[in-house]
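Participant: Numbering (my numbering), first residue to last: 91 to 539.
Have a look at this one.
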Amino acid sequence: MQWEELLSLRRQGDTNKRLRKEQEETRLGFEVDYDRIIFSSSFRSLQDKTQVIPLSKTDFVHTRLTHSMEVSVVGRSLGRIVGKKILEKHPYLKEVHGYRFNDFGAIVAAAALAHDIGNPPFGHSGEKAIGAFFKGGEGAKYKTLLSPKQYQDLTDFEGNANGFKILTESRDGVKGGLRLSYATLGAFTKYPKESLPKKPTRHIADKKFGFFQSEKAFFAEVAAELNLIQTRSGDDISYARHPLAFLVEAADDICYTIIDFEDGINLGLIEEEYALEYLIKLVKDSINTGKYGELKTREDRISYLRALAINTLIGEAARVFTAYEEAILKGEFSASLLDKCRYTAQVNDIIKLSIEKIYKSKEVTEKEISGYAIVEKLLEVFCKAALHKLKGEDTHYDELVLNLIPEKYLQGFTSEYSCLLGVSCFVASLTDGRVVGIYNKINGGQIGG
């Protein structure tokens with residue numbers, strides 16, 4: 091893969107090539123990507139989607155919105171550091187094409203900002219609830235209506251693929267969704283493959299999938315423009331990652347490892363003294379013991395160590411990327427950047443403790459159980475109504491139910507697959523509070539709050 095192709099400014103529908111050296115410096119194309127994402131309704135909805143604790147009553151806990159903004163900040167720093175190194179190594183990118191190190195930061199920042207935009211309510215348990223509905227719940231009866239790959243899209247419903255759909259899907263009067271640059275779309279897609287075959291290799295890019303069947307053709311167009319390496323061909327397409335996707339992933343890994351841990355400490359799920367031992371192992375080479383000793387509150391101590399830990403891991407991720415750049419460009423680098431850094435053991439220890447004390451805590455578990463019931467009930471009602479409408483067999487109740495779905499989803503209900511996927515994407519778009527509200531209206535009860 092070549093950087094001058096990977097940094098493409100092309101957008102869906104472009105007829106002329108966009109050249110970096112002809113860009114308006116006051117508002118570069120990659121910066122426009124960031125603006126379009128942050129002003130989108132899908133991004134705003136992240137303010138009421140859980141990061142750690144669903145339906146939390148505290149104002150401290152991170153939402154998907156605050157998490158995404160923090161990941162974007164870390165991603166921008168990573169991109170700039172790496173961009174500077176790349177331009178030093180490949181000066182023609184600046185001299186011939188006009189690229190600057192800030193371009194790398196802008197691409198990674200935009201992709202990182204959008205990285206959770208397709209996640210359902212109730213976090214990853216929301217994804218699992220959608221999948222469970224189609225795999226073993228009421229939705230299993232729809233299997234015969236779909237191709238194997240279409241059915242897999244639903245039984246392994248993936249927030250990353252839904253995110254790509256949100257960013258790129260055309261509808262009446264809106265060609266290409268947010269019309270982001272292909273460079274940003276490439277960096278956004280951590281898993282550049284379709285849902286089948288499932289986990290064909292141990293390569294990190296094969297861990298999940300990055301686009302539904304409905305976006306397969308367009309992703310192939312993006313991949314061709316970026317000249318991504320095709321790792322499978324024929325009916326089962328798969329590509330090597332855009333190199334900057336490794337930086338987006340690293341930014342996310344850094345933030346959820348350190349900041350979710352911080353949330354757990356401040357919520358009292360992890361004892362401060364116990365937690366500090368883990369963080370100090372990460373920052374022992376950079377900590378100012380005199381300054382640390384002057385901090386009198388738990389919040390200040392945790393904040394100081396968190397900042398040092400993030401800075402340490404940013405430096406490590408950038409170092410690993412630079413060291414393995416050649417392998418990454420050849421599609422041969424198969425792990426995450428943090429898996430190759432000096433602090434892998436310390437990071438894994440923190441994640442292990444977070445799983446035990448935070449993600450499996452009683453509060454999280456109870457609300458995730460409620461989330462399953464809520465999501466499955468909504469899918470049951472909306473899928474039935476959508477398919478009835480498709481066949482011209484809709485009842486008055488079906489009409490009332492479908493009135494709750496925005497027109498932009500209803501426009502795409504043209505086949506069994508588009509109905510079932512569209513309903514799933516609509517439910518995934520709902521905030522934690524909104525999904526509970528609709529459930530209460532349909533079910534006549536009160537859950538959550």
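Every residue, glycine too, gets a C-beta built ideally from N, C-alpha and C.
Since this is a predicted model, take the numbers as computed values, not measurements.
Between which two residues does the alpha helix (DSSP H) containing Q436 stretch?
Facilitator: Q436 -> alpha helix (DSSP H) spans T434 to S444.
Participant: Hey, out of H478, E489, L494 and L270, whose CA is closest to D125's CA?
Facilitator: Closest by alpha carbon: L270.
Participant: How long is the line joining the alpha carbons of Q102 and V264, rounded to whole angstroms?
Facilitator: So the two alpha carbons sit approximately 11 Å from each other.
Participant: In angstroms, rounded to a whole number, what distance separates the CA positions of L145 and G216?
Facilitator: Any reading at L145 is ruled out, since the residue's pLDDT is 48, under 50, leaving its predicted position unreliable.
Participant: Considering R549, what are the terminal residues of the alpha helix (DSSP H) in which it resides?
Facilitator: Limits of the chain in this structure are 91 at one end and 539 at the other, which puts residue 549 out of reach.
Participant: Excluding the 5 residues preceding and the 5 following G539 in the sequence, name in chain order all residues of the same chain whose CB lies nearer than 6 Å to its CB.
Facilitator: A caution first: G539 carries a pLDDT of 46, below 50, which makes its placement in the model unreliable, though a value can still be read off. Excluding sequence neighbours, G539 sits near nothing in its chain.
Participant: To the nearest angstrom, report how far apart G354 and I360 are at their CA atoms.
Facilitator: Rounded to whole angstroms, G354 to I360 spans 6 Å at the Cα level.
Participant: For Y462, collect the residues of the same chain with a Cβ closer than 6 Å to its Cβ; drop the 5 residues on either side in sequence, then sort them by chain order.
Facilitator: Hits under 6 Å: A219.
Participant: Go ahead and label A581 buried or exposed: buried means 16 or more other beta carbons lie within 10 angstroms of its beta carbon, across all protein chains shown.
Facilitator: As displayed, the chain neither begins before 91 nor continues past 539, which places residue 581 out of reach and without an answer.
Participant: Which residues bound the alpha helix (DSSP H) around T521?
Facilitator: First-last for T521: undefined, no H or E at that position.
Participant: Spatial neighbours of F472 within its chain, please: C-beta separation below 6 Å, excluding the five flanking residues on both sides.
Facilitator: Once the five neighbours on either side are set aside, the close Cβ partners of F472 are V513.
Participant: If you count every other CB in all the chains shown that lies within 10 Å of the CB of P282, and 16 or more means buried, which is it?
Facilitator: Buried, since its Cβ has 16 or more Cβ neighbours within 10 Å.
Participant: Assuming S162 and A202 form a contact by the criterion Cβ under 8 Å, report the distance between their Cβ atoms to the nearest whole angstrom.
Facilitator: Right, the Cβ-Cβ distance comes to about 4 Å (below 8 Å), so this counts as a contact.
Participant: Could you check whether F120 and A204 sit closer than 8 Å to each other, using their CB atoms as the reference points?
Facilitator: It is not a contact, given that the beta carbons lie outside the stated cut-off.
Participant: Which two residues bound the contiguous alpha helix (DSSP H) that contains T258?
Facilitator: Element bounds for T258: G249 to T258.
Participant: Fully enclosed by the region 328-357, which alpha helix (DSSP H) runs are 4 residues long or longer?
Facilitator: Complete alpha helix (DSSP H) runs here, min 4: 333-356.
Participant: Compute the Euclidean distance between the alpha carbons of L440 and T347, then round it to the nearest angstrom.
Facilitator: A small correction: the amino acid at residue 440 is Ile; Leu does not occupy that position in the sequence shown. Each residue's Cα considered, the two are about 7 Å apart.
Participant: Report yes or no: do the region 207-216 and the region 252-259 share at least 3 C-beta pairs separated by less than 8 Å?
Facilitator: Taking 8 Å as the limit for Cβ pairs, the verdict is that the region 252-259 does touch the region 207-216.
Participant: Look up V264 in the DSSP assignment and give the residues it is bridged to.
Facilitator: Answer is R261.
Participant: Any idea if R154 is buried or exposed, counting beta-carbon neighbours within 10 angstroms, 16 or more meaning buried?
Facilitator: Per the 10 Å Cβ criterion, buried.
Participant: Assign V373 to one of two classes, buried (16 or more other C-beta atoms within 10 Å of its C-beta) or exposed (fewer than that).
Facilitator: V373 comes out buried.
Participant: Find out if the Cβ-Cβ distance for the pair S444, D343 is shorter than 8 Å.
Facilitator: Not a contact, by the Cβ cut-off of 8 Å.
Participant: If you reduce the DSSP assignment to three classes, tell me which class T379 lands in.
Facilitator: Reduced to three states, the DSSP call for T379 is helix.
Participant: How long is the line joining the alpha carbons of K422 and E416, rounded to whole angstroms?
Facilitator: Looking at the sequence shown, residue 422 is not Lys but Glu. One C-alpha to the other measures close to 9 Å.
Participant: List the whole-angstrom C-beta distance separating L369 from A341, where the pair is believed to meet the contact cut-off of C-beta under 8 Å.
Facilitator: Wrong, their Cβ atoms sit about 19 Å apart, outside the cutoff.
Participant: Buried or exposed for K181, please, with buried defined as at least 16 other CB atoms from any protein chain shown within 10 angstroms of its CB.
Facilitator: Residue identity differs from the one stated: residue 181 is Pro in this sequence, not Lys. Classification of P181: exposed, given that the 10 Å Cβ count is below 16.
Participant: Could you check whether the region 296-308 touches the region 219-234, counting it as contact only if at least three pairs of C-beta atoms, one from each stretch, sit closer than 8 Å?
Facilitator: Too few Cβ pairs lie closer than 8 Å, so no.
Participant: I'd like to confirm something about G461: is its beta-carbon nearer than 7 Å to some heavy atom of the ligand GTP, or not?
Facilitator: The ligand content of the structure shown is nil, which means the ligand GTP is not present either.
Participant: What are the complete alpha helix (DSSP H) segments, minimum 4 residues, inside the region 147-226?
Facilitator: Complete alpha helix (DSSP H) runs here, min 4: 154-179, 182-185, 191-203 and 214-225.
Participant: Counting Cβ pairs, one atom from each stretch, are 3 or more of them under 8 Å apart for the region 472-485 and the region 372-392?
Facilitator: They do not touch, by the three-pair rule.
Participant: In this structure, how does DSSP classify K289 when only helix, strand and coil are distinguished?
Facilitator: Residue state, collapsed to three classes: coil.
Participant: Report yes if the C-beta distance between D390 and T274 is below 8 Å; otherwise report no.
Facilitator: The answer is no: Cβ separation not under 8 Å.
Participant: Just how far apart, CA to CA, sit F430 and S323?
Facilitator: Reading the sequence as shown, one finds Lys at residue 430 and not Phe. Approximately 29 Å between the Cα atoms of the pair.
Participant: Relative to the C-alpha of V517, which residue among S135, L366, I176 and T455 is closest?
Facilitator: Among S135, L366, I176 and T455, the Cα nearest to that of V517 is on S135.
Participant: Do L357 and H332 have their beta-carbon atoms positioned less than 8 Å apart in this structure?
Facilitator: No, they are not a contact pair.
Participant: Assuming A277 and A335 form a contact by the criterion Cβ under 8 Å, report the distance between their Cβ atoms to the nearest whole angstrom.
Facilitator: A277 to A335, Cβ: 5 Å. Contact.
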